[in-house]
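Notes follow the structure.
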Amino acid sequence: MSSAWVKEELGESVFKDKRLNDRFLSICENMASSLGSTIPDICEDWAQAKATYRFLSNDRVTEAEILAGHFSSTKKRIDASSGPILILHDTTEFTYKRKGEHDLGLVHRTKLKGRAGVVEYTLRGILMHASLAVTPEGLPLGLSSIKFWTRDKFKGTNALKRKINPTRVPIEEKESFRWIQNLRDSSVLMENPGRFIHVGDRENDIYEFFCEAGDIGTNFIVRACVDRLAGESTISEIIASEAPAFTRKITLTDQNGKEVSTQIEVKFKAIEIHPPIGKEKRYSSLDLMFINAREVDPPDDRDPINWNLVTNISSRANEEVWTMINWYKRRWSIETYFKVLKTICRAEDSKLRASDRLARLIAILSVMSWRIHWLTMLAREEDKISLKIAFNPLEISILEKMVPEKKSRVKNSTVQFYLQKIARLGGYLGRASDPPPGPLVIWRGLIKLNEFQRLALSGFETF
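Residues in the sequence shown are numbered consecutively from 25, following my numbering.
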């Protein structure tokens, strides 16, 4: 990831002080060239490291300012594309072990079994709710919204339920309000909410979210968690009484990263649902489409597929319902993005001690992670995309010299051709039977490419 890309991607981020702009771009260039390294490692001397720490601890710097340039670039990529855009929503947590843990917020509790018996540990860190814009084919165009927060204390949900019905608590007072905030932010940023389909898992099964999407004029596909009442029956009872509409073969990636094909049986029906108890005055009833996709003959070595989806896209055509199921299947792309953020960019390896500093660091790493994820998926695209989008002339020259092609192989000038070269720098063999390169070999190749660029820019004669 060259410095030219950093300036183009993040150049529209504007801070309260111009000096902060210059420092921000310098930090991002250093991180882009040495992803996965610690702050002292990416800085040439103590002065640069100290300046980086000061930037991350500056209360005048916000995550919104850090990400503003990337959000603007995301909008440009969306405007340049055609067709529907999927906005994938999900929450992840970053945990850290520190002395003086009071500087970090609470994440969750966990129980570990040891010699002294079962011991309960409190994990501390920071939570992030992200929204990732992708094409229906799976190419990530960028982030459209991010929220960071910490918990001061655990709410004791089970104890709370004995005192008050949680459905009567206003959504603004709940942690789940982040789903609605990101829905609003993404819609405002992109200006054309009717083009987007917001995709979420079972945590996103929020009635207020459905109402907000209708008010904004945007679409959603969410995996249902709550078996709501619909008249005198429940949704599951109504769907169970329906005859299967069709059966299709679907290809998925299992927990081990292996592609599997299986048959699923699909039912769907439009159902009117009512707002939760205690919220009838604030929210109206909704006419939504409910889809059940169930695996016909599941194997014994994994959990069977049984998706209950809810959407405000009304359709009675089998092909359109099948398209929506495939859109929901793209939700796992954001899980891959989080994996890149944690395992390659090593967001949980930072030694910073305060939540606000970690949030600023993770905001920067979020953009770097998107770049690796984007290049990985770009290598699998069939369409020809201009080389200028991904590489500068020096990078192309280096790749041609360091990863020469066999005489029998015809040279071409596609992005995919040069991404294969980057992957081969990272250890990818590129045999006919090999799957497409993943983010790890792309990252390794980028690190080597950056090192070669440094040599070239310093006047090393080989280049």
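Beta carbons: idealized from backbone N, C-alpha and C, even for Gly.
Computed from a predicted model, the values in this text were never measured in an experiment.
CA nearest to the CA of residue i, picked from the options
| i | options | result |
| --- | --- | --- |
| G255 | I221, F244, E296, S265 | E296 |
| Y231 | E215, A414, L253 | L253 |
| L213 | N82, T258, F95, G451 | F95 |
| A403 | M392, A157, P459 | P459 |
| M401 | G462, V345, T271 | G462 |
| L423 | S457, W398, K472, V391 | K472 |
| A92 | S210, H113, K74, R78 | S210 |
| D41 | D83, L464, Y77, G149 | D83 |
| M392 | L376, F362, A378 | F362 |
| N228 | N216, W203, R78 | W203 |
| A248 | G224, E266, S257, D239 | G224 |
| I301 | D114, G450, V193, S81 | V193 |
| E199 | L151, K135, D103 | L151 |
| Y307 | K121, F233, L130 | F233 |
| K135 | L464, D114, E475, L147 | L147 |
| L312 | C369, T174, A237 | A237 |
| L110 | I221, K375, L470 | I221 |
Counted within 10 angstroms of its Cβ, other Cβ atoms place residue i as buried (16 or more) or exposed
| i | result |
| --- | --- |
| R395 | buried |
| R43 | exposed |
| M25 | In this prediction, M25 scores a pLDDT of 45, lower than 50, which makes its location untrustworthy; the coordinate-derived value is nonetheless stated afterwards. M25 should be labelled buried. |
| R478 | exposed |
| Y145 | exposed |
| E304 | exposed |
| N330 | exposed |
| L385 | buried |
| I466 | buried |
| I51 | buried |
| K273 | exposed |
| V246 | buried |
| K74 | exposed |
| A71 | exposed |
| R47 | buried |
| T360 | buried |
Inter-residue Cα distance where the pair is residue i and residue j
| i | j | result |
| --- | --- | --- |
| I388 | G241 | 31 Å |
| T98 | S169 | 10 Å |
| E347 | V143 | According to the sequence shown, residue 347 is Thr rather than Glu. In a straight line, the C-alpha of T347 is about 47 Å away from that of V143. |
| T116 | I337 | 28 Å |
| A264 | K353 | 22 Å |
| L453 | A269 | 44 Å |
| K291 | V284 | 22 Å |
| E429 | R468 | 20 Å |
| D373 | L165 | 27 Å |
| T335 | D65 | 47 Å |
| H397 | V364 | 7 Å |
| I262 | H298 | 15 Å |
| E196 | D251 | 23 Å |
| S155 | W351 | 15 Å |
| C235 | I315 | 19 Å |
| V439 | A414 | 7 Å |
| T119 | R355 | 23 Å |
| I349 | I358 | 16 Å |
| L112 | L207 | 10 Å |
| E53 | I90 | 14 Å |
| S437 | R318 | 44 Å |
| E36 | D127 | 32 Å |
| L276 | T367 | 23 Å |
| N45 | A56 | 16 Å |
Paired residues, beta bridge with residue i - DSSP
| i | result |
| --- | --- |
| N332 | N316 |
| S169 | S155 |
| E289 | T271, R318 |
| E89 | Paired residue(s): none; E89 is not in a bridge. |
| A254 | S257 |
| L310 | I297 |
| E283 | T277 |
| P164 | V158 |
| R175 | L130 |
Range of the contiguous beta strand (DSSP E) that encloses residue i
| i | result |
| --- | --- |
| G149 | 141-158 |
| L276 | 270-277 |
| Q247 | According to the sequence displayed, residue 247 carries Arg and not Gln. Note, R247: beta strand (DSSP E), 243-247. |
| V223 | 220-224 |
| G138 | 129-138 |
| L110 | 109-120 |
Limits of the unbroken alpha helix (DSSP H) element including residue i
| i | result |
| --- | --- |
| L453 | That residue, L453, is in no alpha helix (DSSP H); it is neither H nor E in DSSP. |
| D46 | 42-57 |
| T360 | 356-363 |
| I230 | Neither: I230 is in no alpha helix (DSSP H) and is coded neither H nor E. |
| F79 | 70-80 |
| R202 | 201-214 |
Any non-hydrogen atom of the ligand ADP within 7 Å of residue i CB
| i | result |
| --- | --- |
| I109 | As presented, the structure is devoid of all ligands, the ligand ADP included, so that no description of it is given. |
Cβ of residue i within 8 Å of any chain D Cβ
| i | result |
| --- | --- |
| G462 | Of the chains in the structure shown, none is chain D; there is only one protein chain. |
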